[in-house]
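Shown next, in structure tokens, is the structure this report addresses.
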Amino acid sequence: MTVAALLAIAVSGALLVALGARDPKRLRSSRHGANDARAASPPLPSAVRQAFGWLSLAPGIVLALLGEWWAFLIWLGAITAIGWTIAITAGYSSVSVSHRSRS
Amino acid sequence: MIKLPQSDTKALLAIHGWSGVLLGLLLYVVICTGVAAVFAEEINDWASPLPHANAHAFPAGIDAATRRLATQVDPQFHEEIAMFRSAGGRLNLRYHLHDTMPNGKPGERGVEFEVDPATWQPLATRKGWDDEIADQTKPSGVAAFLINLHVRLHIPEPWGLFVTGVLGLAMMIAAVTGILVHRHLLADLFTLRLGRDALLKRRDLHVVAGSWNLPFALILAFTGSFFSFASSVGLPAIAMVTFGGDQAALIDTLYSTARPENKAPAPLANIEAMLADVRHRNHAEPNYISVSHYGRADATVSINTVLPGDELVYSTFVYDGTTGALIREQPPLGKVPSMGASLVGIMYPLHFGNFAGLASKTVWVALGTAAAYVSLTGMLLWTRRREEQLAWRRMSRVVHYVGYGLPLALVCAPYAFFALRSSDVPAITVQDIAFLVVSAAAAVIAFAIQDLDRLRRVLLGCTGVMLLGLPVMRIATGGLGWADAWSAGIGAVPVVDIALLAFGFICLWTARARQARVPAAAEGPAAISTEAHSA
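Residue numbers (the numbering used here), protein chains in the order written: chain A, 1 to 103; chain B, 104 to 638.
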């Protein structure tokens, strides 16, 4: 069960990293005031974002459907903590990229 | 995206804000103490370790110790024996009877022995009613202070539970209205505009933390309200409807493990054999034993374990006390499994986060910290946007005082515990006094320092210094050193010390940075445009 939970966290976490790193709104915000257009990666296309978003929830849905509530809770707690961490990390890295571009 | 008429959005925004600010300050206290209380066991092991680690709560010798200690108490206290692990791996054995307290309410009265299970030597003996025994219990004082503040805000029962139950409901209201108000919830999950103006930065940090924390906030708020209202409202209400107000009869029906009465004397079966049977059946370590009617033919032994690896709902293993045979595996509610019993059972791991050991506790603490952060930043945003009004300006100062003064007072309370642990004053009382004294001092500081950012930095700086000093205080008052603790296998001591030092440095580092100040007048239009943008 621990393996199933870790696997679910790994899959969702990887998708969240991609979503956070290539989030269009965040990238648009970080480009604001930056002189260098190459300062950040291009955003993910909308369809890909939506697919990644649903896929990131899929491991949790599978665990719930299988009735593996223990693993589901671990997954839910972990991805919310990971998501918050990614949002903050990506946000601050955008600031530093933006500052570097301006200087 | 949820589309609502503008008037509804404004009304929801008002409910979201007012419910947050009015009850937010108390809620913040409940959340902060709850975050710390997740690690109650580790905190107690850190504050009051024995010189050696005890791997099992009930090692070999428990059976003989139970019988030996039974001879040292009045036989009337053989009605029930509760055995459980306490701070530092101590073992508490409480021999007691169910009686009516002087105030007319049902209670428990008896004798509690605190023993070291490695040597079976008694460390302390306490007598009296439950509350009196709790007052005499020193080793678990630090966590008890935090839990008391978290559960009932030190308000007498049942009012404290009412208040914390209402706070849980307020947290749910804030979360639900937050979802409805923030119409770009999913689109803004990664949006942090940190490099632009200060207001946007604060708002985005609040929204992002709140958005990611939503499932957890709802779970904690619901389960917290459940625990507060279950015993203070639910139980009396159900007893009124179904048992003519007789709560004891209701509790018997829901939780009793008793067998038909038989007062004939009979020796108790071997407890260690029953413990071995539970370990074999449940693949988990027992953490609570209750012996009813010790020495009688109708004796029962109930044993609980920590949650097995992949379970969320605990069971109680009920044994015939005279033969040692398993009678049944009892669910958390009633005598046979049911959906209601499972739902009640799942409330515990959902609220305490203890279902997967340190890993789940760590995640629960991280998300609890996010909840505290969302609560504080929400109140700061709300009050600072209205700083042009005198009342809100004063409220903003109060929010700063509580937001940054509370952690300082919480950190200072254990100093009193360590300094006075050998005195006769109850551990919770000395920490209460220290907490109130530091709170009063912080209030003076909050009144004296006009600049709110400077106030924040001063209180954070003081918290950092006190965090750094706590391990020193612990060791200076006779606590185990790192080398001794490590060689004895007591990991909690160095780990908690290091965590305190790390948080101390983080507080000092955060206190260094001056926050960009945005004049209230400038915040208003920006805030409105931000909300309009979100809507």
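Idealized CB from N, CA, C, for every residue including glycine.
Values in this document were obtained by computation on a predicted structure and should not be read as measured data.
List the whole-angstrom C-beta distance separating residue i from residue j, where the pair is believed to meet the contact cut-off of C-beta under 8 Å.
i, j, result
"Val-381/B", "Thr-360/B", "Not confirmed; about 14 Å, so no contact."
"Glu-432/B", "Ala-160/B", "Not really, about 20 Å apart at Cβ, beyond 8 Å."
"Ser-334/B", "Gly-271/B", "At roughly 14 Å, the Cβ-Cβ gap does not stay under 8 Å, so Ser-334/B and Gly-271/B are not in contact."
"Leu-321/B", "Met-275/B", "6 Å"
"Arg-487/B", "Ser-499/B", "6 Å"
"Ala-551/B", "His-503/B", "Not confirmed; about 13 Å, so no contact."
"Ile-134/B", "Ala-474/B", "5 Å"
"Ala-143/B", "Ala-227/B", "That belief does not hold up - the Cβ atoms of Ala-143/B and Ala-227/B are roughly 20 Å apart, past 8 Å."
"Thr-267/B", "Arg-255/B", "6 Å"
Secondary structure at residue i, three-state DSSP: helix, strand or coil?
i, result
"Trp-54/A", "helix"
"Tyr-507/B", "helix"
"Asp-219/B", "strand"
"Asp-177/B", "coil"
"Lys-113/B", "helix"
"Thr-80/A", "helix"
"Asp-600/B", "helix"
"Asn-251/B", "helix"
"Ser-526/B", "coil"
"Leu-200/B", "strand"
"Pro-152/B", "coil"
"Pro-363/B", "coil"
"Tyr-417/B", "coil"
"Leu-130/B", "helix"
"Thr-408/B", "strand"
"Asp-355/B", "helix"
"Leu-194/B", "strand"
"Ser-637/B", "Low confidence applies to Ser-637/B: its pLDDT is 35, below 50, so where it sits in the model is not reliable enough to give any reading."
"Glu-211/B", "strand"
"Ile-88/A", "helix"
"Arg-45/A", "The question names Arg, but residue 45/A is Pro in the sequence shown. If DSSP states are grouped into helix, strand and coil, Pro-45/A belongs with coil."
"Asp-535/B", "helix"
"Asp-401/B", "coil"
"Asp-291/B", "coil"
Between which two residues does the alpha helix (DSSP H) carrying residue i extend?
i, result
"Ser-326/B", "The amino acid at residue 326/B is misidentified as Ser; the sequence shows Thr. Start and end: 301-332."
"Gln-433/B", "No alpha helix (DSSP H) holds Gln-433/B; the beta strand (DSSP E) holding it covers 429-433."
"Gln-224/B", "From DSSP, Gln-224/B is part of no alpha helix (DSSP H) but of the beta strand (DSSP E) over 224-232."
"Ser-445/B", "442-455"
"Thr-566/B", "555-579"
"Ile-341/B", "338-345"
"Thr-472/B", "460-487"
"Phe-265/B", "262-284"
"Ser-41/A", "Run containing Ser-41/A: none; DSSP gives neither H nor E here."
"Ala-588/B", "585-590"
Which residues mark the beginning and the end of the beta strand (DSSP E) in which residue i is found?
i, result
"Arg-188/B", "183-188"
"Thr-240/B", "Per DSSP, Thr-240/B belongs to no beta strand (DSSP E) and is neither H nor E."
"Asn-385/B", "First-last for Asn-385/B: 374-385, but that is the alpha helix (DSSP H), not the beta strand (DSSP E)."
"Ile-9/A", "Ile-9/A -> not in any beta strand (DSSP E); alpha helix (DSSP H) instead, spanning 2-21."
"Tyr-391/B", "389-395"
Please list the partners that residue i has in chain B, where partner means a Cβ-to-Cβ separation under 9 Å.
i, result
"Trp-70/A", "Leu-410, Gly-412, Asp-413, Glu-414, Leu-415, Pro-452, Phe-458 and Ala-459"
For a contact meaning CB atoms closer than 7 Å, what does residue i contact in chain A?
i, result
"Arg-296/B", "Ser-29"
"Ala-469/B", "Ala-81"
"Ser-463/B", "Ile-74 and Gly-77"
"Asn-407/B", "Those within 7 Å of Asn-407/B in chain A number zero; the least Cβ separation is about 18 Å."
"Ala-139/B", "Residues of chain A passing the Cβ test: none, with the nearest at roughly 18 Å."
"Ala-473/B", "Trp-84"
"Pro-318/B", "Leu-76 and Thr-80"
How would you list, in chain order, the residues of chain B whose beta-carbon sits under 8 Å from the beta-carbon of residue i?
i, result
"Trp-75/A", "Per Cβ cutoff of 8 Å: no residues; Trp-75/A is ~10 Å from chain B at best."
"Ile-129/A", "Residue 129/A lies beyond the stretch modelled for chain A, which goes from 1 to 103, so this question has no answer here."
List the residues of chain B that residue i touches, going by C-beta distances under 7 Å, in chain order.
i, result
"Gly-91/A", "Leu-295 and Leu-297"
"Gly-20/A", "Phe-293"
Identify the contact partners of residue i in chain A, using a Cβ-Cβ distance below 8 Å as the criterion.
i, result
"Ala-290/B", "Lys-25"
"Val-311/B", "Trp-84, Ala-87, Ile-88 and Gly-91"
For a contact defined as C-beta to C-beta under 9 Å, what are the partners of residue i on chain A?
i, result
"Asn-385/B", "By Cβ distance, chain A contributes nothing, its closest Cβ being about 15 Å from Asn-385/B, past 9 Å."
- Message: Pairs of beta-carbons, one from the stretch 506-524 of chain B and one from the stretch 543-553 of chain B, closer than 8 Å: are there three or more?
- Response: Yes, the stretch 506-524 of chain B touches the stretch 543-553 of chain B.
- Sufficient close CB pairs (3 or more, under 8 Å) joining the stretch 338-355 of chain B to the stretch 378-398 of chain B: Touching, no.
- Would you check if the stretch 171-191 of chain B and the stretch 389-405 of chain B touch, i.e. whether three or more CB-CB distances between them fall below 8 Å? Short answer: they touch.
- Using 8 Å as the threshold, is the stretch 563-582 of chain B in touch with the stretch 601-613 of chain B, meaning 3 or more CB pairs across them? Contact between the stretch 563-582 of chain B and the stretch 601-613 of chain B is present, with at least three C-beta pairs closer than 8 Å.
- State whether the stretch 574-593 of chain B contacts the stretch 475-491 of chain B, with contact taken as three or more CB pairs (one from each stretch) at a distance under 8 Å. The stretch 574-593 of chain B vs the stretch 475-491 of chain B: no contact.
- Message: With a threshold of 8 Å, are at least 3 pairs of Cβ atoms found where one atom belongs to the stretch 14-27 of chain A and the other to the stretch 72-92 of chain A?
- Response: With a cut-off of 8 Å on Cβ pairs, the stretch 14-27 of chain A is in contact with the stretch 72-92 of chain A, counting three or more such pairs.
- Query: With a cut-off of 8 Å, do at least 3 Cβ pairs link the stretch 285-297 of chain B to the stretch 166-174 of chain B?
  - Reply: Segments in contact, no.
- Message: Is it the case that the stretch 144-160 of chain B contacts the stretch 594-606 of chain B, given that we only count it when at least three CB pairs across the two stretches are under 8 Å?
- Response: Contact holds: three or more Cβ-Cβ distances are below 8 Å.
- Task: Please confirm if the stretch 236-256 of chain B is in contact with the stretch 522-537 of chain B, defined as three or more CB-CB distances below 8 Å between the two stretches.
- Result: The stretch 236-256 of chain B makes contact with the stretch 522-537 of chain B: 3 or more CB pairs, one atom from each, lie closer than 8 Å.
- Item | Three or more C-beta pairs below 8 Å linking the stretch 40-50 of chain A and the stretch 108-119 of chain B | These segments do not touch.
- Check whether the stretch 423-431 of chain B touches the stretch 447-461 of chain B, taking contact to mean three or more Cβ pairs, one atom from each stretch, closer than 8 Å. As far as the Cβ criterion goes, the stretch 423-431 of chain B does not touch the stretch 447-461 of chain B, which means the pair count is below three.
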